[in-house]
Every structure is written in C-alpha cells, then in structure tokens.
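One structure below.
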Amino acid sequence: MSVNSPVRSMARSPFVLVVGVILTWFIAAFLVWPNVNILIATFFPDGSFSGRAAEKLFSSQRAMKALGNSFLLAVALSVTVNLVGVFIVLVTHYFRIRGSRILFLGYASTFIYGGIVLAAGYKFIYGDRGIVTSLLVRIFPGMDPGWFSGFLAVLAVMTFATTTNHMLFVANALKGIDYQTIEAARNLGASTWTILRRIVLPMLKPTLFAVTILSFLTGLGALSAPQVLGGREFQTITPMILTFTNSPTSRDLAALLAVILGLATMVMLAVMSRLEKGGTYFSVSKVSSELQKQDISHPVANVAVHAVAYLLFAVYTLPVVLIVLYSFADGAAIQTGQLSFSNLTLDNYVRVLTQQSGLRPFIVSVVYSALAAVIAVGGLLFVARLLQKYKNWLSSTFEYLLHIPWILPSALLALGLIVSYDHPNPLVGGAVLTGTTVILLIAFVTVKIPFTLRMLKASFAAVNSSLEEAAAIMGAKTLYVFRRILLPLVLPAAAAITALNFNSLLDDYDTAIFLAHPLVQPLGLVIKANTDGAEGTEGIANTFVYTVLLMVITGVTMYLVYGRSGRRKGRKRLPAAPAGQQASGAGLSGAQAPGEDDATRPAAAVR
Amino acid sequence: MIRLEDIEVTFGDFTAIPHLDLHVQPGEFFTLLGPSGCGKTTALRTLAGFIQPARGTVRVDGKDVTRLPSDKRQVGMVFQNYALFPSMSVWENIAFGLRVRKEKPADSDRLVRDIARRVDLSDEQLAKNVAELSGGQQQRVAVARALVLRPKILLLDEPLSNLDAKLRHQLRQQLKDLQSEFGITTVYVTHDQDEALAMSDRVAVFNKGVVEQVGTPQDIYDHAATEFVCNFIGDSSALTPDFVAEVNRLSGAGLSTDARSYLRVEKASLDRPSDGGTAVGLPATVVSRTYHGLHSRYVVRSHGADIRLLVREDGAAHPGAGTATTVYVQPGHVLQYHPGTGAALAQDPAVALK
Amino acid sequence: MIRLEDIEVTFGDFTAIPHLDLHVQPGEFFTLLGPSGCGKTTALRTLAGFIQPARGTVRVDGKDVTRLPSDKRQVGMVFQNYALFPSMSVWENIAFGLRVRKEKPADSDRLVRDIARRVDLSDEQLAKNVAELSGGQQQRVAVARALVLRPKILLLDEPLSNLDAKLRHQLRQQLKDLQSEFGITTVYVTHDQDEALAMSDRVAVFNKGVVEQVGTPQDIYDHAATEFVCNFIGDSSALTPDFVAEVNRLSGAGLSTDARSYLRVEKASLDRPSDGGTAVGLPATVVSRTYHGLHSRYVVRSHGADIRLLVREDGAAHPGAGTATTVYVQPGHVLQYHPGTGAALAQDPAVALK
Amino acid sequence: GCGGGSTPPASTGEASGAPAGASGDTLVIYTNSNGEGRGDWLAAKAAEAGFKIEIVGAGGADATNKLIAEKNNPIADVAFGLNNMYFSQVKNEGALEAYQPAWAGEVDKGLGDGETYWPLVKQAILLGYNSDKISKDAAPKDWTDLWSKDEFRSRYERVTGLGTATAQLVFAGILSRYRDDSGDLGISDDGWKQVEQYFKNGSPAVAKTDLFARIASGEVDMGQMPSSIIADREKSFKVNVDTVIPSVGVPLAVEQIALVKGTKKKEQAQKFIDWFGSADVQGEFAQKFNSMPVNKSAQAKANPEVVDFFAGLKQQDIDWNFVQKNMGAWVEKIELEYMT
Ligand SMILES: Nc1ncnc2c1ncn2[C@@H]1O[C@H](COP(=O)(O)OP(=O)(O)OP(=O)(O)O)[C@@H](O)[C@H]1O
Ligand SMILES: Nc1ncnc2c1ncn2[C@@H]1O[C@H](COP(=O)(O)OP(=O)(O)OP(=O)(O)O)[C@@H](O)[C@H]1O
Ligand SMILES: [Fe+3]
Ligand SMILES: [Mg+2]
Ligand SMILES: [Mg+2]
C-alpha cells in the first residue's frame, strides 16, 4: 500500500541510499547544472536580468498567434487522439471484430514512422494533387483541391500519427482489467456501452491521463505537420523557437517560449496527477481473470463499428504504402506528387546504400539509440520503483527535477551540456566531455528521462505491493525481488518503452548536431540535410529511403520486443493475478520536449 | 426452472466437468457442494453464461439459454473473487445495478443504504474506496451488490467464506429470508458442508466435476450414496473389518466385512445411548481429546479402528488419553460401501430395522 | 518472543488500531480472532514490518524491530490475498524462498514436492500457472510457499478460509504438526472461532482494533471477559430480565436482572440434564428447528427470550414448531455482563457452586 | 552551399572516446559546403595530397553555433564554406585564429576580413523566375517590384523562416538600401515597410517542397535562389529559370575558410588551408561543382559560363560589418513582427 513513507524510512535502506546518491549526482550534473547554466546565460546575459524577451514576445502578434495555435492544437489533439486512440484500442483488443489482427497491424503503422515523412505521406493522398483529392475533384468538380490544409488538416494528421501510445499503453492497461468485473457488470444488467463507460474507461483513467499529457505535449511541440499542412493560417510556435535557438542574440526568446510551453506541460501534469489521485486503478480481486473479447450485440452498431474500423485502417495504411512506393521514385516526382509506375526504380536505394558513408550513420544511430534506450529504462527502473514506493517531499522533488528535460528544447539542453563540460569540471571527475562520444549518449539518455519515468512509474503502480512483501519476507533482497518479481511484471511495459525510446532517438537531429563526435555521426544529421532540400532533388528521395529503412529497423524492434512478448503471453498467459493490472501504463508521461524537431511523431516514437 | 443437460466444460486440454445433469426447482435453494477444485465455480459460471460449455444445454424456464449472454438470463451473481469495481466507491458499487436500471437516485440511495445495513456496512464504509476495505468487508459489498437487485435467480460463489462465524450465520439467515421472501431461485456454491446442510433445500455433491449425489440435506447426510459423499459430508470414522466382525458377533447383525465401513461421529458414544436398543459396547482406549467449546472431540481405538466421537461439555469429568473405556455402536448406523465402485450397499433389513 | 507494546496504527485519518499490547510466547500457537474489519490483518502486517505503527514498539526476542525491514525479522507469512507471483509457475512460487536461500535445485525440488503433497497439490498442478488454479488451490500454494521455508515465526492470515471442511481440518492438523515439530512460533489470524479454539494455545479476541480478551481457548470460552467476547465466541442466546427473574424464582438464585444475560446453546436442553442438580425447567414453545446433520438446532421461546439449543440427532422423534415443551437451565450457566461497560459480572458464589 | 544544407557526415575515422584532438593526425573540418558530393570529393582529393581529414557537415547557422559553443575546447581544426556574416560572428566570439594563407595574395582581401577568414568561393543570391512563363521584358527588375507591381503579387515565393543564410542575405540586400542610423535597428521606416510588403504579398514557402517544384507545378513563378543550385534544379524539375539583376546589384555571399583557435594540429591545419585555397585545388573544385572561385588563378579552370556570369554581375555594395552587427536583431524583428 502506498501510504506516505517518511524520508527517514527511505534512508534506512542501503539500496535506496545507493540509488539516491547516483541519482542526485546525475540530476545535479546533467539536469540541473547545464540547464541552469544555459538559462542564466540567456536570461542574464550581462549578469543582470533583462525582461527584453518577454516584452518582445508579448508585443508580437505573430508570436502570440502561433503560441495560441500551439495551445489550440495541444488541447484539440488531447481530445481527438483519445477518441481515435480509444476507438482503435477497443476495436483491436476489446471487441470481437473480424480481422482484428490485420487492423492491429494497420493501426500499428504509426509505431514505425512519423514526422515529416508522415506529413508528406498524407499530402500524397489528401494534398491538392493527392490521390483522394483527385478522385474527389473528379466527383465534385467544384471542390477546392487545397481543402486539406489548415487547422483541421493538421489536427487530422497529427491525430492519426500519435495514437501509438494508446496502442501500447492503453491496450496494455485494458488487458490488465479483471475480466470478472466486466462479467459482474454485465450480470448486473449493464449494456456494452455502460460497461465501457462506467467500468472499463474509469479503470483506464491513469493511462488515459498519461497519454493525454503526451498528446498535449505533442500538440504543443508540433512542427512539421503545421509547416506542411497548416498553410498561412495555422502556423505554430515551434519553428520560431528553432529559429531563435539558432540565433545567439535571440536565444532568450527561444528559452522564454520553451519555458512557457514547459510550464504549461507542468501545469497539465499537475492537474492530471490531481485528477487521478485517490482512485484505485488496480484490480482489488484476489485473482483476476484474463480479458475476453466482447461481442457487439447490436447489429447496426456492429456494422458501423466494423465500417469505421476499416475506414481508419485505410487512413492509417495508405500513407505508409505510398511512402514505400515513393521511395522508389525520383526526388522531383516526390516533390510534385506525380507518380507513375514506370519510373519506380531501385536507384534511390542503390545510391543511399552505396554512398561512401551509406550504412555507417545507421550503425552509429542504432548503437547510440540502443544504448541510450537501455540505459534510460534500465536506470529508471530502480528510480521509478522508489519514487512510486516512497511518497514524501524528497521523492517529489526528485521527480520534478527529473522532468527538467521536458521544459527545455533539446537544442538548448545540448548547448547547456557544452557550456558546462567544455572545460574540466569537478562534477564529472575533472573530465572534459565535449568532443567525446559520451556526451551525446548522456544527452540522449537525458531527453528520454521524463517519458520513461512516467511510463515506468505507472506500470509499477499496477503491481500489488503484497507481492513484494511476500518475496521480501522470504528473505529475498531488494535487488532479487526486483529482478524476479517486479521485473517480469513490468517487463512488457519496460520493453515497449525501450523500443519507443530507441525508435525516437534513431533520427534525432537537435542534440546530435551539437554533440555528436565528429567521427561518429548519427543518422539524424544525414536525414536533416536531405529534407532541407538544399541537397537537390536527391536529398528528399534519400529521406524516403532512410525512412523506409528506419521503418524496417523500428518494425523489427517493435516485433522483437512487443510482438514476441505478446506471443509468449498467448502461450503461457501471465495472469494479471493478484497484481491487478500488469502495466496500466498509468501515470503521466510525455513525449518530447516542446520544440523538439519533428513533433508530429508520437511521443512514442519514431521519425 | 434451471436445467443443465449433459454439460461438458473444458479448458484447453483439461476437462473440468466431464458430464453434468442438474435440475433446480423454482424457488429452491440449491447448493453445489464439493472440495476445492472440483468444478463448482465452473458449473456456476456455465449457468451464468460466462463459460460456453463444450457440449450440452442450459435451460431456464424451459428455454434454451445456452447461447444467450449472461445479462439476458436474469441471474444475479456474487463472484468468488468479489469482482468489485475498483474505480468506484462502495456506494457506487452497490448502486451500479440500480443505476443501470435507471432507478431514481433517491430510491437507489435508500435501497443501497438498506442493503448495506443488512450486511453490516456502515455509512462511513459506503464512502470508502473498495481497496480500503478488509477482505471480509469487500465480500459483503459483493453480496450487497447482488442482493440489492433482487434477481429472479441468484448465483452465489462461496459468498460467506471470508466472514466470521457471527456474520456468516447472520448473512445466511438474511440470504434465506430474502430467498423465501421473494422466492428467488438460488444456486449456492460452497465447500462448507455445514453451510450447505443448514441452508439448502437440496444439495448436489460434486467430486472432480461429477455429481455424486443430489438430495435434501437429510437425505445426503443419512443416506450418503457413495463413499465419497459419506466421507465429505459429516465426520465419519473408518471401521476395520475386525471391528465390523466384532459388531456382528456381539449383535448378531450381518454386516459385510469386505465392504468399506464408516461410522458417523455422532453415532458413536461412550455412554450407552438411552434409546439405543441394539447398541453394542466394544472395549476401547482413549487416544486423544480436543476441546471445542461446545463439546470435546475424542478419538478412541478399538479393534484397530480409530473412532472419533463427540462428548458434550456439560461440566462432567471426562476420561483422559490412555484411559480404557467402552464405545457404543448400533449396527444399523454402520455405513457400508462397495470397495470397488464406492456405491452404498443396501442395508440389511435385519439390521436396518432397529 | 514477540511483543507488541502500545501500538497505534492509522490510515490517514482512520485509526485502525488505537492501542494494542500483545505478548506471544516462544513456540506458542497464538491466534488473533475477531470479526471482519476489526484490524487483524493490520496487526499482523505491523508485526511483519509492512506497516509502520504510528506509535509503539515491536519486539522479537527482546530486540526492538520496529524500524527493522520485514526480511530482517525472520518471519514467514501467508497473505490473505495470497500474493502469489503471477509470472511464475506453482512450482516456482513454492521454490522461491528456497532459491533465495540458494538451496541445491535437487533439494529444492524434493522439498517443494514434499510440501505440495502435504497440501494436496498434484505434480500436474505444480507445473501450472497460478492463474489456472481454483481459489482453494491458490490458497494452498500460498500456504505451501510459507511452510516450505520452516521459518522461526510464522504469520498466517486466514490461510484456510477458502478451503473445504475436509481439507481445512487436514491442513489445520498439518499446521499444528509442523508447528509443534519445529516449535515455530505461530501467529494465526482467523474469523473462525472454531478454528481458533481448536488450534490455538492462546487466543486474542479483537474488536474494533482493541483486544477484548487474551487467554487459552477454554478460558475464553468458559469465562468470556466481555459481552462482545461472549457473543462472538460460541453461540449464546440473550435472556430477558423476565426469564432471569423466573430462573431466580424457581431456583432461588440471585442473578441480576439488570445485567445483560446470556446462555450458551449447549447449556440449554429440552431434557432434564442427567447431572443437572440445580437445573430448573421453564415452560417454552418451539419456534423453529433446523437440521444440521450432526444435530438439530432448535429455537424455543420462554418468557420473551428466544433460546437456541441443540438436540442430538439420534433417531428419536423431535417436537415440531409450535409444540409446547420445557427448557432446562442451570442458574450457574447464565453469563452476565454489565450493561454499560460490557465487563463480566462476578458470578454469585451461591449460584456458581452448582 | 546556401547555408541550409549539408550532407552525410562522411565519417571514415574510427570512433574514439577521446577529444578529437587526440585522434591521430586526422584534421576535423566543419563545413556547410559538403553537399552534393563535395565532401566526398574533397576527402578523396585531400587523401591524395596526404591529408587525413574528417568532414563534419552542418548548416551554416548550426556550424556557426557549434564553433562558438566549442570555443573552450575546440574539436574542429578548420572551418570553411561559411560566409562573412557567419565567420564574423565566430570571430567576434574569439573562436578563430589569425592566419595568412600562402594564397592570400591571389584573392581579393576585401572579400574576407584579411586576418582570420579568407575567401574561397563566390555565391550570388538571386531572384529567379520561370522563363518559360515570363519573358525577360515582363520579368521584375528588382525585388521591390515583387510587391509594388500587381502582376507579381502572390506569384513569388516568400520565406517562412529566416533560419537560412540565403534568406538572411536577401534581407541584407534589401535592408542595406534603407540604412538610416536614426531608424529602428539602423533601418528607415521605409525599409521596414518593404519588408512588411514582401511578406504580405508573397506566397509562403511550403515546408519541404522545393521552390523549383512549385515553379514546375505553376504554383508560383519566382523566388530567391543561390546561383550554384540553379543548373542542377532546372534539370531535375524540368523548368527553365532566368535571374534578375537589380540595378543596385546582387548580394554576394562569399564562402570563406579559417583556422580554428585552439586547434592541436595547427601546423597541419595551416598546410591544409594552403592546399585547399590554392589555385589548383580551387580550380578543380570549381570545374567539378560549377562554383565561382575567388582565387584569380583558379578562375581559368572554372566553368567559363560561370565566370562570365559573375563577370557580368554587379555586386551589391553591402557594409558587412553593419549587416553582421544587426542581422540577429533584424531576424528577430522580422520573425516577430512581419512574418505572418
Ligand atoms: N482458466 C482455467 N484454465 C485451466 N484450468 C482451469 C481454469 N479455471 C479452472 N481450472 C481448473 O478447473 C478445475 C475446477 O476449477 P473451479 O474453479 O471450478 O473449482 P472450484 O470447485 O470452484 O474450487 P474452489 O473451491 O477452490 O474455488 C480446477 O482444477 C482448476 O485448476
Ligand atoms: N489502506 C487502508 N486505508 C484505509 N483503511 C484501511 C486500509 N486498510 C484497512 N483499512 C481499514 O482498517 C480496518 C481494519 O482492516 P483489516 O484489513 O486489518 O481488517 P481484518 O480484521 O483483517 O478484516 P477481515 O477479516 O475482513 O480481513 C478496516 O475497517 C479497513 O476498512
Ligand atoms: Fe549554401
Ligand atoms: Mg471456486
Ligand atoms: Mg484481513
């Protein structure tokens, strides 16, 4: 039970002490010191505070409008992503729908791609020369071919692009619901809809809150979807933040904007934590039974749900298909949207793969991302457990400090690391970190901390504490309990988080550009160069090739981590048993820092 | 009212219920009694519509409901694991069914408080989260949640097993009251023979997914049809062939010495029974005595048989372990079963007539 | 061995245990008995070190362990909600503690199979996943998991409540055997008075977080110190002042008619007790009779009091409801409690001497 | 490059945990001008000449920030490709080391600062238009025509961000004409009005869609473009583009090379600068990539068309010091106030 436990009792466990010391050092060295450094440098350029940034920003109509748009998008996205996300989760995991495995694969396509290429994919379909648009124009000749633009277009694309978290965490939480409570409700006469509304969704609340925060963050940090589809009317703040970050004289503006978004995130987080407080979201049953799929008894509703499910399936999969197709076309065709099957060739692939440095960035990225993902999840497993277990002022302080990377854009985080560690610094044993391969790894780990922490904490929260007690009383040491009891229970969630972290780091640009070792450069730099269009028409084609290759890599990781654990579960089912929900994925969570590049990508993931 | 016909239930390779026929009369309090793991819960869940039998038919009021979902069967159920809704307060849990039925909030509240009082849940507890309740309190919430709807058929899966004796007796009584008041047909699952005998109109004794005997409590107790039932219901001592032979010798009865023979604890005594016309006394030694408040439980040994019996605690002095004594037995009370099939042997009319 | 001194436990605003002092002797089988929600689990968890008391000291072997984590206290525990590890098979669950102790695999396997056999778990079940077991089977795994380690102190939270009577009796016996064999100090939580009386060396009766009485089973049964204990332990009928007055009139005893008066079921009878020197007979009417196999339970009404009593089922004919009869009572058996404090009134020596 | 682009970091050296300074004799070179095969070509040529180099590509602004951020512990030894504006920022932060290359005499000192950074390649920032659609006569004569003449309104692409060097140079060219020390940020109100009009009347660039793609599809007819990319894009998108030479001339971006302060391989780095800026190498580079070398001796080897084009090109007279000092503030003002 999670009664408040005094700081005193924490200090008694050597395990807590060791983790605490390491954590304190890490937070001080890599979260607080560099960021305080960079914030001081931007807000106190000559040692005294200047209110210039605020003054400039608040008198700029454009900034205010863009900021407003970002918030609008964040709020709207929080709603729409939940609607679509919950729907697809129910369709794939709760209701008995014909072909739900195929549907799952379709909806899961957001696991493996996102960002700019995704926006492009949608443009190929709904843009003014897109397939669907051409079709529609043929039917309704009066129609505006540029219909797919502005707020609604951005919202639509981002909604479909960011349901990844639902597919992972909400679905997981759903599986943890004690099926007998559903039986009980049915038995008490509740309809399918009532059961959903009154029993199932309330149990999913913490997870829904968590993914809502992620959606909110994604909306706030939206970059490429508004750029590509927003048109004149709907531009967001992130591009401005990026521009100002890159201009030393305007960096205070960037920092201020980032802090505004960061604070909004924190407020959202606090509100959600408050809302979620006091509820019980784990099964109180002695032994819970596994969820079984529900029939939709109403025939009309059944047909309607099937229809919507397959329509969404098309919406999800078409862009992927086109991206794969276009990756065989030449750059000009991609940009003008003209595709003819005759000019699909393997040229792009040959070019990318035979480039002198073709595969190396891939390998570098895979190694960095894998290391960072594993370190972040591995390290935070302990931290998350402790924070979930001990609730007092000290642990709350730690928890909030660990969210710092959400407040600042990753470019500023990177700059902070550079200014703090380009000279021997006692915090890291007098070493100089710039120019080493380690510093990028540190940054990668750092930016993934908030998301990882939230998701892990949530999955630990779903573990019944008497399991731990039972093991402890049999003499198992903290670490052993952790390894043998807790880990198996949170492993599916931890694996999913690792995979998401891995996928989202593969193409990182903002941190890498500042911190990458000159001889060990990751893929993001290559992709960025290509999408900037300065590299001629080949560049954009290269990006498609990279995207498809990344899809393959991330697809394989997701399969290895998630698909396989799913199968194993099928064979020897892990009872949610006394643990209640296995990994509700509850808690609050988050994607990238506001302002991170390519914010269309789901928190979760990928490109 | 309820008929299970030729039901088979399997979990993958495992056959939990190989073959089951049951018939529950309207308004009856029917109990499924059997040891842990024998398939009681499985049978109940099949009846409720949560498990689809691999074979067979479930009928309610003559209608085949085998493929009907559980909410269409008009049955209320109390789950063995409670299945409380963790996201709701105690009040909301109990009121759930009422809200689904769109009762007026004021009515709901009255009904909820009413039933809560009857299962001993305080107003303070109604406001709590279900996770904050003790095990027994949770179980009471589950019972209240089913009772508040006053269903036509009520299925109860060990609803009283976590309650203390007092409360258990009290709730037993309330369940019985409600049941007879509303004529709710009730199917009750328990492993507690005492509960089964005390509450039921009829009892089905389960063993490994198979019904060994169906009958009224007295029927089952007095005429256990199989060795398993005899052993499971009530408390019996196994008799040795030697012992049986001695009884035959002393009484002239013709009990079989090949059969498996048992004697109910209450049929043996250390005093000659007042009405025990045919009772015979066999020399015995006291093996042990345990105190049980109401009575002491003795084990005495005679002719190789360890015979358990009860002696009322009425303040009189009792023989301690090792003391020689006499155990009195009536041949007509000896229960005999076929050593192969376990079926009851017809009692010799000569001895059966006391 | 174990001492709880001046313990207070709170959950937020709610005080689950306001004040608790307990002393468990080495090797003792000590039971916490009380109604659902009275704080038994809370007390046990405080002892195990899972709950930090708001006040007070926990001592084991004289050592203050209040701040010691539970794994340093060398206690084994069976949890009320089982707390089985869902990611492991039954075998792995039971072997967990052995693996922690780095026993040889072969030894572990032997010990696991050994204990599994003793709690009636088959080899087939050992290979199963814990979720595939029935409720009772899961509970047996939990018991086996704690027993296999043979701890110095064993804490059991209602370990037998989901088991059928047969198995419960059998496991009771095994628990007792193990306990005396290894001299494990055992603290046992139950709401089942019968279990408490049958198994325990001493019993603490809880009520709303407070110990009402500590003593041997016989002590508690015969000399219930408070009205609550009298009511909770055994089965007593409340007597009306009228009834008591009539007893006084008939016997000349000086029972208080202001006190709350009770009579244990087994102290009332429909026949004049053979040794009942001081027994007086009051005219009564049979209200109801329920069959319980071993005996029938009667309720008879006399002078406004509903008196429950048991009649042995020995084949004789019994009076039905509505029949006039006589109920026999000895004044010395009437238990009396102060109507305000609930404390037992000293029995008048004149009537106490029968 | 135009400042936006960079390409695959050709990384051939092995990973090392130590500062780059320690990685043998490999020179680390930061540039924004490694795209379209330049980096690979250079690495190969340098290897022939006995230099082991590692090229780190980054956009102009990124490379500048990186050089400044790393000034306490530089990783780069040499930087090239950045224009005056960027290099003067880096220099002001004290991250450059003065060095006079062997070929200093062969270039126009005025194009660099004559001290730390030295010119390599000239790049013209042009207004190009679709010559298939618009005849030379009907074409605009200057940037200002775009918004002052009705027929061009909404027909030209205007930028949506000022992050790229090309965009900044366009504005440097426009704003320099309205220098007024009493005006806001040194620019007269009239000047700011031009900026306002530019944004009001242009068709906003579409992210990730090349201007040439939009010209090809007929969405717009004209827009800004650096001289070096024109030929290539014309081919890819099958359009023909002509450029406008305003009477005040065109802004020239001059890509420079400089020695990074604090390099641990100073001697080697200096040798590389001497080699890379030499007439031979610059000539070959120009030949290969259609660039316009500053080195007079190299011009002989360059593509004659390019040389001719630049010969006929009037360079706009821009006070780079003034521009560099104010560009940050200008960008900020434009981003906040004019871009809609
Ligand atoms: N989902 C399942 N998968 C496999 N076997 C199962 C499953 N559910 C139950 N069983 C097995 O079926 C048998 C009957 O189980 P059931 O739950 O009906 O027992 P029960 O009579 O209710 O026992 P208890 O009194 O212990 O609750 C048990 O042996 C159990 O192990
Ligand atoms: N985490 C908690 N928060 C608030 N109240 C609690 C909590 N845990 C227990 N309680 C309350 O404390 C009281 C004692 O609970 P406890 O679990 O000790 O009862 P118990 O004697 O074990 O009952 P049972 O026999 O039903 O298991 C109950 O009223 C319960 O509602
Ligand atoms: Fe350029
Ligand atoms: Mg069961
Ligand atoms: Mg309890």
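Read top to bottom, the protein sequences are chains D, R, Y and B.
Each residue of the first sequence is one higher than the one before, counting from 71 in the working numbering.
Each residue of the second sequence is one higher than the one before, counting from 23 in the working numbering.
Each residue of the third sequence is one higher than the one before, counting from 23 in the working numbering.
Each residue of the fourth sequence is one higher than the one before, counting from -19 in the working numbering.
Note that the Cβ used here is the ideal one computed from N, Cα and C, for glycine as well.
Just so you know, these numbers come straight off a predicted model, no measurement behind them.
Can you confirm whether the segment 193 to 212 of chain Y touches the segment 115 to 129 of chain Y when touching is taken to mean that 3 or more C-beta pairs between the two stretches lie within less than 8 Å? Inter-segment contact for the segment 115 to 129 of chain Y and the segment 193 to 212 of chain Y is absent: fewer than three beta-carbon pairs are separated by less than 8 Å.
6 Å Cβ shell around E180 (chain R) - same chain, five flanking residues per side excluded: Answer for E180 (chain R): Q102, V211, T212, listed in chain order.
Can you find a CB in chain D that lies within less than 8 Å of the CB of G242 (chain B)? Output row for G242 (chain B): interface = no.
Taking only beta carbons into account, state which residues of the segment 208 to 239 of chain R come closer than 8 Å to chain C, listed in chain order. Considering every chain present, this structure includes no chain C. Its protein chains are D, R, Y and B.
Using the beta-carbon of each residue, which ones in chain B are nearer than 8 Å to R268 (chain D)? Those within 8 Å of R268 (chain D) in chain B number zero; the least Cβ separation is about 45 Å.
Do you know whose CA, among R:D216, R:G157, R:F51, R:K124, lies nearest L177 (chain R)'s CA? With distances taken between CA atoms, L177 (chain R) lies nearest to R:F51 out of R:D216, R:G157, R:F51, R:K124.
Which residues does DSSP list as the beta-bridge partners of R334 (chain Y)? For R334 (chain Y), the pairing in a beta bridge is given by DSSP as Y:H317.
Exposed or buried, Y470 (chain D), counting other C-beta atoms within 10 Å across all chains shown (16 or more means buried)? Label assigned to Y470 (chain D): exposed.
Any heavy atom of ligand 2 closer than 7 Å to the Cβ of H213 (chain Y)? Yes, Cβ of H213 (chain Y) sits closer than 7 Å to a heavy atom of ligand 2.
From the beta carbon of P184 (chain B), is the nearest beta carbon of chain D less than 8 Å away? Yes, because at least one Cβ of chain D sits closer than 8 Å to the Cβ of P184 (chain B).
Using a C-beta cutoff of 8 Å, does P75 (chain Y) count as contacting chain R? Output row for P75 (chain Y): interface = no.
Given the structure, does K363 (chain D) come close to ligand 1, in the sense that its CB is under 7 Å from one of the ligand's heavy atoms? Because no heavy atom of ligand 1 lies under 7 Å away, the Cβ of K363 (chain D) does not count as near it: no.
Determine the direct distance from the alpha carbon of M338 (chain D) to that of Y10 (chain B), and round the result to whole angstroms. So the two alpha carbons sit approximately 42 Å from each other.
What residue range does the alpha helix (DSSP H) around W123 (chain B) cover? Taken as a continuous stretch (DSSP letters only), the alpha helix (DSSP H) holding W123 (chain B) covers 123 to 128.
For F254 (chain Y), return the contacting residues in chain R, with the cut-off set at a CB-CB distance below 9 Å. The answer, in chain order, is D186, A187, K188.
According to DSSP, W98 (chain B) sits in a beta bridge with which residue or residues? Beta-bridge pairing links W98 (chain B) to B:I237.
With DSSP run on the structure shown, which of helix, strand or coil describes P181 (chain Y)? In this structure, P181 (chain Y) counts as coil in the three-state DSSP scheme.
Please say whether A189 (chain D) and T285 (chain D) have beta carbons closer to each other than 8 Å? It should be noted that the sequence gives Ser, not Thr, for residue 285 (chain D). Going by C-beta atoms, S285 (chain D) is not nearer than 8 Å to A189 (chain D).
Would DSSP call Y350 (chain Y) helix, strand or coil? Three-state DSSP puts Y350 (chain Y) in a strand.
In angstroms with no decimal places, state the Cα-to-Cα distance between Q47 (chain Y) and S261 (chain D). Answer to the nearest angstrom: the Cα atoms are 57 Å apart.
I'd like to check one pair, A246 (chain R) with A365 (chain R): are the Cβ atoms closer than 8 Å? In this structure, A365 (chain R) sits away from A246 (chain R), with a CB-CB distance that is not shorter than 8 Å.
Sequence-distant residues of its chain with Cβ nearer than 7 Å to G301 (chain D) (five each side left out): S219, G220, listed in sequence order.
Evaluate I24 (chain Y) with the Cβ neighbour count: other Cβ atoms within 10 Å of its Cβ, from every protein chain shown; 16 or more gives buried, anything less gives exposed. Flag for I24 (chain Y) reads buried.
Would you mind stating whether L182 (chain R) and L193 (chain R) have Cβ atoms separated by less than 8 Å? Yes, they are a contact pair.
Members of the segment 277 to 299 of chain D that neighbour chain B once the beta carbon cut-off is set at 8 Å: Per Cβ criterion, the list reads S294, Q297, V298.
Any heavy atom of ligand 1 closer than 7 Å to the Cβ of G168 (chain Y)? The question names Gly, yet the displayed sequence has Ala at residue 168 (chain Y). The answer is no for A168 (chain Y).
What's the call for N301 (chain B), buried or exposed, on a 16-neighbour Cβ count within 10 Å? Exposed is the call here.
Output the distance between the C-alpha atoms of L42 (chain R) and A281 (chain Y), rounded to the nearest integer angstrom. Using only the alpha carbons, I get a separation of about 56 Å.
Simplified DSSP state of N462 (chain D), which is helix, strand or coil: The answer is coil: DSSP assigns N462 (chain D) none of H, G, I, E or B.
Whole beta strand (DSSP E) runs in the segment 167 to 255 of chain R with 3 or more residues, listed along the chain? Scanning the segment 167 to 255 of chain R for uninterrupted beta strand (DSSP E) segments of 3 residues or longer gives 175 to 179, 207 to 212, 224 to 229, 232 to 237, listed from N- to C-terminal end.
Under the rule that 16 or more other beta-carbon atoms within 10 Å means buried, what is R132 (chain R), buried or exposed? Under this definition R132 (chain R) is an exposed residue.
Would you grab the beta carbon distance between L292 (chain R) and L331 (chain R) for me? Rounded to a whole angstrom, and I think it's under 8 Å. The Cβ separation is near 7 Å, so the contact holds.
So, does the CB of V373 (chain R) fall closer than 8 Å to a CB anywhere in chain Y? Confidence at V373 (chain R) is low in this model, with a pLDDT of 42, below 50, so the placement of that residue should be treated as unreliable; the coordinate-derived value is given next. Cβ-Cβ to chain Y under 8 Å: no for V373 (chain R).
One question on the structure: do S310 (chain Y) and V287 (chain Y) come within less than 8 Å of each other, judged by their Cβ atoms? Cβ atoms of S310 (chain Y) and V287 (chain Y): not closer than 8 Å.
Taking only heavy atoms of ligand 2 into account, decide whether any of them is closer than 7 Å to the Cβ of A226 (chain Y). No; taking the cut-off as 7 Å, the Cβ of A226 (chain Y) has no heavy atom of ligand 2 nearer than that.
Grab the span of the beta strand (DSSP E) containing G171 (chain B) for me, first residue to last. Going by DSSP, G171 (chain B) is part of no beta strand (DSSP E) but of the alpha helix (DSSP H) stretching over 169 to 181.
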